[in-house]
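Just so you know, the sequence shown maps onto residues 1 to 166 in the UniProt record's numbering. Since the structure comes first, as structure tokens, the remarks are kept for the end.
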Amino acid sequence: MNYSQRLQNLVLHFQTELNRIPQDEFSAKAHPAKWSKKEIVGHLCDSAANNYIRFVKIALSDYPIPLEGYDQDRWVELNDYHNSYDPYDVIQLWINRNVQIATVLAQIPEEDYTKEGILPSGESATLDWLAADYIEHMIHHFRQILGNERIETMINQSKKSKVEHR
């Protein structure tokens, strides 16, 4: 399965799961310094915004380009996902940003997945690695939101698919 299709499948699955979470549970904070489930989804929106730019810049460049990092906590704080978004809106934002990324990933030619970017650490990473890492990062946070068992069941179901992996 290619990255675009995998991301689309995850969005379809996770949007259903997110919409099943009661609003009070979705917005609840276990501790004032910890993110709520809503803020975790907001963080995934920020991750999508940053990675979309990375994917496009690398795909359009003929040489390795520097990739900026971002202060995740400050992005969540500035976007005020906890107070300024209702659950439906933050879920829709996450869906829309990931559909856009899936569209871009589908349009990138196979050979461009070997193109590289330079991470803030100075290490280089291929577009292929960044796309896989983006999806794994999303799954990591959905484990926090939904629990390991539900995520593992979904991942095992998707592995049974006969579609080729990129």
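Ideal placement from N, C-alpha and C gives every residue a C-beta, glycine not left out.
According to DSSP, simplified to helix, strand and coil, what is residue i?
i	result
S84	helix
S47	helix
A131	helix
A124	Strictly speaking, residue 124 in this sequence is Ser, with Ala absent from that position. Reduced to three states, the DSSP call for S124 is strand.
H31	coil
G42	helix
N2	coil
I145	helix
I139	helix
I21	coil
Could you tell me if residue i is buried or exposed, where buried requires 16 or more neighbouring beta carbons within 10 angstroms of its beta carbon?
i	result
L78	exposed
P87	buried
G117	buried
Q23	exposed
K115	buried
N98	buried
L12	exposed
Measure from the alpha carbon of residue i to the alpha carbon of each residue in the options, then state which is nearest.
i	options	result
L67	R74, N51, V76 and D73	N51
L119	V41, L12, A49 and I58	I58
H69	V104, A48 and N2	According to the sequence displayed, residue 69 carries Gly and not His. Selected option, being the one with the closest Cα: A48.
L60	D46, V104 and P32	V104
Q15	E111, N148, K38 and S121	K38
D80	H43, F142 and E152	H43
N9	K34, Y85, V56 and I101	I101
Q92	G147, H31 and C45	C45
W94	N19, N2 and Q5	N19
So that I know if they touch, is there some Cβ in chain D lying closer than 8 angstroms to that of residue i?
i	result
A131	Annotation note: the requested chain D is absent from the structure, which comprises a single protein chain.
Assuming residue i contacts residue j (C-beta within less than 8 angstroms), just tell me the rounded distance between them.
i	j	result
P64	S124	6 angstroms
What are the complete alpha helix (DSSP H) segments, minimum 4 residues, inside the stretch 53–121? If we require 4 residues or more, the alpha helix (DSSP H) runs fully inside the stretch 53–121 come out as 72–79, 81–84 and 87–107.
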